[in-house]
Structures are given as C-alpha cells and as structure tokens.
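Colleague: What follows is a single structure, and I will ask about it in a moment.
Chains as they are written, first to last, in this note's numbering: chain G, 4 to 313; chain E, 130 to 436.
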C-alpha cells in the first residue's frame with residue numbers, strides 16, 4: 004500500500020487568518036478516508052491545495068506522487084474532484100455535460116460516449132441522461148457529479164461534502180455508491196464532511212481537522228480506544244419484569260466497572276466481555292432479557308470529544 | 130483549448146442573445162444598404178462614384194446613421210454582450226472549479242473563451258459585409274472592384290478587433306467582479322464614458338488650454354488638442370480609421386488650415402497611402418485588445434478558484 008495523498012506541514016495563510024496549519028495527512032491507496040471537521044475548519048482549502056487550485060503558503064503536498072502546484076495536470080489526470088455544491092451547464096443535457104468533461108480529458112469521442120453511458124448507468128441516472136440538468140434535483144445533481152468524476156477513470160476521487168443538503172435517503176444512496184466504487188473498483192476515496200453519523204459507516208480511516216489543525220488521524224476503532232481509555236466493553240441492558248436487586252447482582256460481576264441507569268435499563272462499562280455473566284444474572288432472577296447490546300463509541304462521540312478539546 | 134473553443138462557440142451560436150444581435154445587425158444592414166442604394170440608383174444624372182460600395186457603408190442617406198457609424202456605436206454592445214458573463218457566469222453556475230479540476234491548463238479556458246467570442250464577432254461582422262455586397266450588387270448592377278474589396282476586408286478586420294477590445298474589457302470585468310450584473314454594468318459604464326463623454330471632456334480641456342480661439346491657428350490648435358484627448362477612446366480610433374479607410378479621398382483627421390490644404394489634388398488616395406495614415410490607430414486598437422486580455426489572463430492564472 005502506498006500513499007495516494009501525503010502532506011507535510013501543509014500551511015495556508017490568508018492575510019491574518021491561518022486557514023490550514025501545518026497539516027500532516029496521509030491517505031493510503033484503496034481506502035476510504037473521512038476528512039472531518041466543522042464548517043470553516045479548512046477542509047475545502049486543503050482539498051484545493053491537493054488539486055493545485057490554490058497554492059500552499061508553505062509545506063509539501065504529494066498526490067499520486069506528483070506535486071500539485073507544479074504538476075497539476077498530472078494530478079488532475081489521476082484524481083477526480085467533486086466540489087461542494089457542484090454546478091453544471093444547466094441548459095444542456097446531463098449526458099452532454101459529461102461529454103464536455105470527457106473531451107476536456109482528451110478522451111476519444113466514441114470512447115467518451117461509451118464511458119458516459121456506463122457511468123450514468125452506474126450512478127442510476129441512465130433514464131435521465133437526456134434531460135436538462137436544470138430539471139434535476141439536488142441528489143440527482145450530486146450523483147451526476149460523481150458520474151462526471153468517474154468519466155476520466157481516476158485512481159482516486161476527492162469529494163467535498165458529498166451529502167450536503169441531501170435528504171437522508173438520497174444521502175444513503177450516495178454513500179452506498181461511494182462504498183461500492185471503493186469495494187468493486189478499488190477506488191481510493193477521500194471525502195470531507197461535517198455530518199459524522201452519515202459517513203462513519205463507510206470510512207476506513209478518518210482525520211479530524213479543527214481550526215486548520217489536524218487533531219487526530221487514524222482507524223475508526225483506534226480512535227474509539229483512545230477516547231474510551233481502555234474501557235472498550237460497553238453494553239446496554241434492558242430486561243422485563245421486577246428488576247429489584249438486579250443492579251446489585253450486576254455490580255458484583257467481575258469485570259463490570261460502572262453501571263449507569265438509563266430510561267429503560269442500564270448502561271454498563273466493563274473491562275472485559277461479561278455478556279455471559281450478565282445473561283446468567285438475569286436468568287437467575289427469572290427475568291426476561293429484552294436486549295443486550297454492545298455500545299461502541301460512535302464517530303460522533305469521538306468527534307465531539309476532539310472538537311471540544313481543541 | 131480547442132474543446133473549450135468549440136463548446137463556447139456552440140453556446141454563443143445557440144444562445145438567444147446571439148439571435149437578437151444577429152437580427153438587429155441584419156435588419157440594420159439591410160435597411161442602410163437599401164436606403165443608400167436607392168439614393169445612388171435614383172441619381173441618374175451623374176456617373177456613379179468610383180467607390181459606390183464604400184458609399185453604401187459610409188453614406189447616411191435619409192437616415193441619421195451611416196452603417197459604419199452604426200457599427201462603431203453598436204459594436205461595443207456586441208462585445209460586452211458576448212463577454213460580460215464569460216467568467217462570472219461560470220462562477221455563478223459553480224462550474225469553474227469542476228472545469229479547472231480537469232487536466233487542462235488554466236489558460237486554455239480563458240483563451241478558448243476569448244477566441245470563441247472573437248470568432249462569433251467575426252461571423253457577425255462578416256455576415257453583414259456579405260449582406261452589403263450582395264444587396265449592393267443587386268441594387269447597383271455591378272460588382273465591387275478589387276480596391277473596394279480590400280478596403281472592406283481591412284475595415285472588417287479592424288472592426289473585429291475593435292469589438293474584440295470590448296469583449297476583452299467585458300471579460301476582464303467579469304473576472305474582477307465575479308458577479309454577472311456588476312460586470313455588465315461596469316462595462317456599459319466604460320462604454321458610455323468612452324463613446325459619449327470623452328468628447329465633452331476634450332472640448333472642455335481644450336477650451337481651458339486655448340481660451341481664445343479666434344484665429345484659424347488657435348482653432349486648429351484647439352481641434353488638435355481635442356483630437357488627442359478623444360483618441361483615448363477606442364471608439365474615436367475606430368471611427369477615424371474607418372473614415373480614412375472607407376473614404377479614399379480623405380487625407381487628414383479633423384481640421385486642416387487653408388495653407389496646409391493648398392496644392393492637394395482632389396484625387397483618391399491609394400490603399401497603402403490610406404493605411405499609412407491610420408497605422409497608429411490600428412496598432413493602438415490591437416494593443417488595447419492585447420493589454421486588456423493580458424490583464425485578465427494574469428489575474429485568472431493567479432486566482433484561487435473556490436466556486
């Protein structure tokens with residue numbers, strides 16, 4: 004595995020404001036990297052620097068082994084970029100929009116037509132390919148944007164806020180599409196977002212950027228361990244019947260560290276896997292087990308923690 | 130670059146804006162040629178002038194404008210119409226960053242856009258010229274001679290670059306302001322200033338420098354000063370060069386003292402003599418186009434593309 008994107012002390016300063024501050028970012032080949040941060044954290048600025056659309060103030064960037072500032076054409080040939088709120092020429096059809104981009108990529112005409120039809124089918128817009136883009140909904144435009152990024156057969160794609168302003172169903176469709184592209188075509192994906200719950204399922208690794216600084220970067224479960232400081236067994240327990248005395252029984256189980264009463268049931272922080280003991284305790288009392296669910300930290304929790312610390 | 134060029138050209142030709150311009154230009158061309166042509170036809174007492182076809186362009190006939198004056202006035206509007214949303218429109222649609230994240234050099238976008246605009250202007254101007262020649266042959270019954278053709282061709286070339294200046298200016302504004310409406314208004318403001326108000330300023334300034342214009346020398350001096358100031362405006366440059374180019378008898382700009390005019394034979398100038406007179410004008414128009422486009426080019430190459 005080699006790094007598709009690598010930055011070293013990447014910095015961008017706009018007059019007084021430090022938009023991106025000494026960023027060290029790595030995106031490995033074949034992974035889905037979530038680039039997370041609140042609005043105005045410097046996500047888009049970083050992406051623009053990765054593509055050579057703006058020049059870094061200092062630091063180094065390498066994308067697919069090329070320097071985007073001096074070899075931007077090489078980078079742009081290999082990397083597809085979908086900006087936030089992508090715009091289209093709305094008085095021509097979806098297909099013609101894609102054909103124009105294909106021509107800009109110097110793809111031969113008949114090959115361009117074939118690829119256009121193929122990517123439109125891939126994103127589920129085959130039936131709408133001859134409609135004007137001005138009739139498209141936001142979700143459709145976003146999918147058209149992804150189709151356009153795919154026309155050039157990139158090795159990596161960078162998506163800026165791909166789910167912004169799209170209804171939950173549409174967002175799920177787009178995320179599934181991204182996941183499929185990564186799995187079936189081995190595409191490296193870097194996507195920026197501030198909506199954590201939406202993207203946490205599809206990201207292998209995330210980096211969290213707050214006020215221009217990358218505060219953490221790593222595998223999802225590594226981040227989870229870091230945030231919970233070793234206590235990685237968390238369960239939500241819900242039982243039916245008279246629960247009198249159950250809490251004391253649970254407390255006496257070896258490995259249960261902390262018990263928290265929730266509206267329906269308990270939240271247990273444990274140092275090891277005690278599911279068997281818990282089920283035993285419940286059945287000994289003659290109660291019905293309604294649910295016993297493992298509660299891993301969500302990205303939301305990780306994100307909020309780091310966001311507040313920064 | 131050719132991809133951008135053909136796309137922009139197709140956009141221009143299929144736009145309603147272009148249709149409206151084409152209709153205005155064709156109607157005015159038809160009308161001017163017809164009026165002047167009829168006047169020449171009905172005047173059967175004298176032999177038609179040696180340069181009847183140039184007269185079709187320059188004679189105002191019964192109307193207020195001659196066709197050449199009309200084009201000098203209307204040309205800037207064509208340039209502005211084609212250019213004011215070239216970059217700002219891309220910003221507004223949010224297509225600029227998508228296009229520029231494709232593997233193309235950044236300058237090919239702005240070059241392609243400018244050349245497509247210029248090509249559109251060339252088509253408009255060329256079509257009106259063909260219209261004049263075609264209608265002229267029908268009305269007058271004889272074809273234009275070689276010299277007339279050459280003069281018309283040079284007139285067209287100068288005209289294309291004159292409109293090209295306004296196109297470049299509108300593109301510059303559309304790049305600077307990034308808002309379509311602001312760019313259009315700024316271009317129109319500059320156009321109004323350069324085509325209408327410059328003459329007001331020039332006469333005011335010359336009046337200050339030469340307050341007492343009673344002698345012919347003082348009058349000539351005042352006219353000279355006015356001319357110099359007027360030539361800030363490309364409209365003046367264009368109308369002066371057209372005046373010389375389409376009127377082979379003309380040999381001075383503005384006033385000439387009687388002593389200077391003495392001994393001049395009332396014969397038409399040869400083409401190269403006429404050209405000699407207006408070379409400075411033509412080169413200035415070319416230079417203005419180059420400067421305007423050059424500034425846009427530099428700004429565009431350094432701009433950060435966020436939209």
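Just so it is clear, CB atoms sit at the ideal spot from N, CA and C, and this is done for glycine as well. Quick caveat, the model's predicted, so the values are computed rather than measured.
Given 8 angstroms as the limit, is there contact between the segment 336-347 of chain E and the segment 313-327 of chain E, that is, 3 or more CB pairs closer than that?
Modeller: no
Colleague: Is there a C-beta anywhere in chain G that falls below 9 angstroms from the one on residue 307/E?
Modeller: Counting from 1 along the second chain, the entry for residue 307/E is found at position 178. So, not an interface residue.
Colleague: Please report the straight-line C-alpha distance between residue 2/G and residue 142/G, rounded to a whole angstrom.
Modeller: Any property of residue 2/G remains undetermined from this structure, which presents chain G solely from 4 to 313.
Colleague: Residue 316/G lies in the beta strand (DSSP E); which residues open and close that run?
Modeller: With chain G represented from 4 up to 313, any question about residue 316/G goes unanswered, as that position is not in the structure.
Colleague: Can you find a C-beta in chain G that's less than 9 angstroms from the C-beta of residue 223/E?
Modeller: Here residue 223/E is taken as the residue at index 94 of the second chain, counted from 1. Under the Cβ distance rule, residue 223/E counts among the residues neighbouring chain G, one pair being separated by less than 9 angstroms.
Colleague: What's the gap between the Cα of residue 334/E and the Cα of residue 415/E?
Modeller: As a working mapping, residue 334/E is identified with position 205 in the second chain. As a working mapping, residue 415/E is identified with position 286 in the second chain. Looking at the two C-alpha atoms, the distance is approximately 27 angstroms.
Colleague: Quick check on this structure: which residue in 293/E, 396/E, 266/E, 285/E has the alpha carbon closest to the alpha carbon of residue 371/E?
Modeller: Within the second chain, residue 371/E is the residue found at index 242, counting from 1. The option with the nearest alpha carbon to residue 371/E is 285/E.
Colleague: State yes or no: is the C-beta of residue 214/E nearer than 8 angstroms to some heavy atom of the ligand GDP?
Modeller: The ligand GDP is absent from the structure shown, which contains no ligand whatsoever.
Colleague: Let me know the secondary structure DSSP gives residue 178/G once reduced to three states.
Modeller: As a position in the first chain, residue 178/G is number 175, starting the count at 1. The answer is helix: DSSP assigns residue 178/G an H, G or I state.
Colleague: Do we get a CB-CB distance below 9 angstroms when we pair residue 228/E with the residues of chain G?
Modeller: Within the second chain, the letter at position 99 stands for residue 228/E. So, interface residue.
Colleague: In chain G, which residues lie with their C-beta within 8 angstroms of the C-beta of residue 231/E?
Modeller: The count along the second chain starts at 1 and reaches residue 231/E at position 102. Ordered by position in chain G, the residues that pass the 8 angstroms Cβ test against residue 231/E are 79, 104, 107, 108, 155.
Colleague: Throw me the rounded Cβ distance for the residue 195/G and residue 164/G pair, which I believe falls under 8 angstroms.
Modeller: As a position in the first chain, residue 195/G is number 192, starting the count at 1. As a position in the first chain, residue 164/G is number 161, starting the count at 1. Contact flag correct, Cβ pair sits at about 6 angstroms.
Colleague: In angstroms with no decimal places, state the Cα-to-Cα distance between residue 177/G and residue 146/G.
Modeller: Here residue 177/G is taken as the residue at index 174 of the first chain, counted from 1. Here residue 146/G is taken as the residue at index 143 of the first chain, counted from 1. Approximately 7 angstroms between the Cα atoms of the pair.
Colleague: So what's residue 13/G in DSSP terms, helix, strand or just coil?
Modeller: Locating residue 13/G in the first chain gives position 10, where the first residue counts as 1. Three-state result, residue 13/G: strand.
Colleague: With a cut-off of 9 angstroms, does the C-beta of residue 85/G fall near any C-beta of chain E?
Modeller: In the first chain, residue 85/G corresponds to position 82, counting from 1. Answer yes: the Cβ-Cβ gap between residue 85/G and chain E drops below 9 angstroms somewhere.
Colleague: Considering only DSSP beta bridges, list what residue 163/G is partnered with.
Modeller: Within the first chain, numbered from 1, the residue matching residue 163/G stands at position 160. Paired residues: 195/G.
Colleague: Alpha carbon to alpha carbon, what distance is there between residue 202/E and residue 119/G?
Modeller: As a first step, residue 119/G is located in the first chain; it is residue number 116 there, counting from the start. As a first step, residue 202/E is located in the second chain; it is residue number 73 there, counting from the start. Between residue 119/G and residue 202/E, the C-alpha separation is close to 46 angstroms.
Colleague: Please list, in chain order, the chain G residues whose beta carbon lies closer than 8 angstroms to that of residue 434/E.
Modeller: By 1-based counting over the second chain, the position of residue 434/E is 305. What residue 434/E touches in chain G: 51, 56, 57.
Colleague: Using three-state DSSP, classify residue 91/G as helix, strand or coil.
Modeller: The residue you call residue 91/G lines up with position 88 of the first chain. Residue state, collapsed to three classes: coil.
Colleague: Quick check: what's the CA-CA separation for residue 269/G versus residue 129/G?
Modeller: Numbered from its first residue, the first chain carries residue 269/G at position 266. Numbered from its first residue, the first chain carries residue 129/G at position 126. Cα to Cα, the separation comes out at about 50 angstroms.
Colleague: Tell me where the beta strand (DSSP E) around residue 398/E begins and ends.
Modeller: Numbered from 1 along the second chain, position 269 holds the residue referred to as residue 398/E. Where residue 398/E is concerned, there is no enclosing beta strand (DSSP E), given that its DSSP letter is neither H nor E.
Colleague: What whole-angstrom Cβ distance do residue 429/E and residue 304/E have, given they're in contact under 8 angstroms?
Modeller: Stepping through the second chain from its first residue, residue 429/E is reached at position 300. Stepping through the second chain from its first residue, residue 304/E is reached at position 175. Contact holds; Cβ gap of about 6 angstroms.
Colleague: Return the bridge partner residues of residue 240/G from the DSSP annotation.
Modeller: On the first chain, residue 240/G is found 237 positions in, with the first residue counted as 1. Note: residue 240/G is bridge-paired with 269/G, 295/G in the DSSP secondary-structure output.
Colleague: Helix, strand or coil: which one does DSSP assign to residue 260/G?
Modeller: The sequence position of residue 260/G within the first chain is 257, counting from 1. Strand, per DSSP.
Colleague: Just verifying my parser: in three-state terms, what is the DSSP assignment at residue 425/E?
Modeller: By one-based count along the second chain, residue 425/E stands at place 296. Three-state DSSP puts residue 425/E in a helix.
Colleague: So residue 335/E is in the alpha helix (DSSP H); what residue range does that whole segment cover?
Modeller: Walking along the second chain from the start, residue 335/E turns up at place 206. 327-338 is the span of the alpha helix (DSSP H), which, as asked, contains residue 335/E.
Colleague: May I ask you to verify whether the segment 70-80 of chain G touches the segment 44-60 of chain G, counting CB pairs closer than 8 angstroms and requiring at least 3?
Modeller: yes
Colleague: Note down the Cα distance separating residue 162/E from residue 298/E, rounded to an integer number of angstroms.
Modeller: Counting from one through the second chain, the residue named residue 162/E turns up at place 33. Counting from one through the second chain, the residue named residue 298/E turns up at place 169. If I take the Cα positions, the gap works out to 31 angstroms.
Colleague: Just verifying my parser: in three-state terms, what is the DSSP assignment at residue 233/E?
Modeller: On the second chain, position 104 is the one that residue 233/E refers to. Residue 233/E sits in coil when the DSSP states are folded into three classes, being neither helix nor strand.
Colleague: Please report the distance separating the alpha-carbon of residue 266/G from that of residue 21/G.
Modeller: For the purposes of this step, residue 266/G is taken as residue 263 along the first chain, with counting starting at 1. For the purposes of this step, residue 21/G is taken as residue 18 along the first chain, with counting starting at 1. Near 45 angstroms, if we compare the C-alpha coordinates of residue 21/G and residue 266/G.
Colleague: Can a CB atom of chain G be found closer than 9 angstroms to the CB of residue 310/E?
Modeller: On the second chain, position 181 is the one that residue 310/E refers to. Residue 310/E does not count as touching chain G.
Colleague: Between the segment 148-157 of chain E and the segment 244-259 of chain G, do at least 3 Cβ pairs fall closer than 8 angstroms?
Modeller: no
Colleague: Suppose contacts are defined by Cβ-Cβ distances below 9 angstroms. Is residue 78/G in contact with residue 55/G by that definition?
Modeller: Position 75 of the first chain holds residue 78/G. Position 52 of the first chain holds residue 55/G. Result yes, Cβ atoms of residue 78/G and residue 55/G sit closer than 9 angstroms.
Colleague: Does the beta-carbon of residue 417/E have 16 or more other beta-carbons within 10 angstroms, so that it is buried, or is it exposed?
Modeller: The residue you call residue 417/E lines up with position 288 of the second chain. Taking all protein chains in view, the Cβ of residue 417/E is crowded by 16 or more other Cβ atoms within 10 Å, so the residue is classified as buried.
Colleague: Is there a Cβ of chain E sitting closer than 9 angstroms to that of residue 70/G, yes or no?
Modeller: Position 67 of the first chain, counting from 1, holds the residue named residue 70/G. Not closer than 9 angstroms to any Cβ of chain E, the Cβ of residue 70/G fails to qualify, so no.
Colleague: What three-state label does DSSP hand residue 82/G in the structure shown?
Modeller: To locate residue 82/G, count along the first chain from 1; it is residue 79. Strand at residue 82/G.
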